[in-house]
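J.: Position one of the sequence shown corresponds to residue 637 (the numbering used here), numbered consecutively onward.
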Amino acid sequence: MLATLQEHVPDVKEVEAVIIRVQKGETEQYRWIVAAFQQPVYRYCCRLLGNRQDAEDAVQDILVKAYQSLRRYKPSVSFSAWLYRIAWNHCLNLLRRRQLQTRIMRFFRPEAVSAGPEQLMDKRLYSPALSAALAQLSLEERNILVLRVFEELTFQEMGEILNSSPNALHKRMERIKRKVRASMEAEEGISWDGKESAMSTKI
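#1: Mind the definition here: the region 663 to 671 touches the region 720 to 728 only if three or more C-beta pairs lie below 8 Å; say whether that holds.
#2: At the level of alpha carbons, what is the spacing between K813 and D647?
#3: When burial is assigned at 16 or more other CB atoms within 10 Å of the CB, is V695 buried or exposed?
#4: Determine the contact status of L684 and L731, defining contact as a CB-CB distance below 9 Å.
#5: Can you check whether the C-beta of Q696 is within less than 9 Å of a C-beta belonging to chain B?
#6: What's the C-alpha gap between K807 and I780?
#7: Within a Cβ cutoff of 7 Å, which residues of the same chain sit near F786, ignoring the five residues on either side of it in sequence?
#8: Out of V670, G795, Q704, A769, which one is the CA nearest neighbour of K815?
#9: Drop a sphere of 10 angstroms on the beta-carbon of P676, count the other beta-carbons inside from all chains shown, and report buried for 16 or more, exposed for fewer.
#10: Of all the options R688, D690, Y703, which has the alpha carbon lying nearest to the alpha carbon of I656?
#11: For the alpha helix (DSSP H) that N779 lies in, which residues bound it at each end?
#12: With H, G and I counted as helix, E and B as strand and the rest as coil, what does DSSP make of V695?
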C-alpha cells in the first residue's frame with residue numbers, strides 16, 4: 637500500500653536542488669523525490685489504468701525508471717513534466733499490451749471509500765452518458781482530458797509533457813469538449829447551456 641505522502645508538489649527550485657544532489661551521488665535524497673511525487677503520479681496512473689492495484693504497481697515502476705534515467709535529466713523542462721512523460725509512456729504501454737482500452741473508463745466510477753472533495757467531484761461528473769462519450773475518445777484524447785480536467789495543469793505544463801504547443805493543445809481540448817458534449821446530448825439529451833453543469837464548469 638502506498639504511504640501517506642506530501643499533499644502538494646514542492647517548489648520547482650527545491651526539486652531541482654534535490655535532483656542535483658542525487659545526480660552528484662547523494663542517492664538517498666531520491667527518497668525525498670519519491671515522497672513528493674508518488675501520490676500525484678499514482679493518482680494520474682489510477683485514472684488512466686482504471687485500477688488501483690495496477691496503478692500502485694505502475695507508479696513504483698515509473699519511479700524506478702525515473703531514478704535509473706535521472707543522470708540524463710536536464711532542466712530544459714520541469715522535472716514534473718519529465719516525470720509525467722515517463723508515466724504516460726509507461727501507462728500507454730500497459731494499456732496497449734494488456735488491451736485495457738475499455739477498462740480505462742473505470743477512473744470515472746468512484747469506489748466505496750470515504751469521499752473527499754475529489755471523490756465528490758467524480759460522483760458529480762460520472763454518468764452512463766459520460767462514460768459512453770469518453771469511451772469514444774482515443775487514448776491520447778483521454779490523456780489530455782485527464783491532465784487538464786483532473787490534474788488541473790495549464791496548457792503550458794501540458795505542452796512540456798506532451799511535446800506540443802499550448803495553443804495546439806487548447807484547440808485539441810476544445811474539440812474534445814465538443815465531442816464529449818455532443819455525445820452526451822445525443823445519449824441523454826443533456827443540455828450544456830447552463831452554468832450548473834459540473835463537467836462544463838471544470839473543463
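The beta carbon of each residue, even a glycine, is placed where N, CA and C say it ideally should be.
Source: prediction; values computed, not measured.
T.: Taking the definition as stated:
#1: Touching, no, given that fewer than three Cβ pairs across the two stretches are closer than 8 Å.
#2: As a first step, residue 813 is located in the sequence shown; it is residue number 177 there, counting from the start. As a first step, residue 647 is located in the sequence shown; it is residue number 11 there, counting from the start. About 32 Å.
#3: Here the question's residue 695 lines up with position 59 in the sequence shown. Label assigned to V695: buried.
#4: Counting from 1 along the sequence shown, the entry for residue 684 is found at position 48. Counting from 1 along the sequence shown, the entry for residue 731 is found at position 95. Result yes, Cβ atoms of L684 and L731 sit closer than 9 Å.
#5: Considering every chain present, this structure includes no chain B. It has just one protein chain.
#6: Position 171 of the sequence shown holds residue 807. Position 144 of the sequence shown holds residue 780. Rounded to the nearest whole angstrom, the CA to CA distance from K807 to I780 is 11 Å.
#7: Mapped onto the sequence shown, residue 786 falls at position 150. If the five residues before and after F786 are omitted, its C-beta is found closer than 7 Å to the C-beta atoms of R683, all from its own chain and listed in chain order.
#8: One-based indexing of the sequence shown puts residue 815 at position 179. Ranking V670, G795, Q704, A769 by CA distance to the CA of K815 puts A769 first.
#9: Translated into positions along the sequence shown, residue 676 becomes position 40. Result: buried.
#10: Numbered from its first residue, the sequence shown carries residue 656 at position 20. Among R688, D690, Y703, the Cα nearest to that of I656 is on Y703.
#11: Here residue 779 refers to the residue found at position 143 when the sequence shown is read from its first residue. Residues 775 to 781.
#12: The count along the sequence shown starts at 1 and reaches residue 695 at position 59. Looking at V695 - three-state DSSP - the assignment turns out to be helix.
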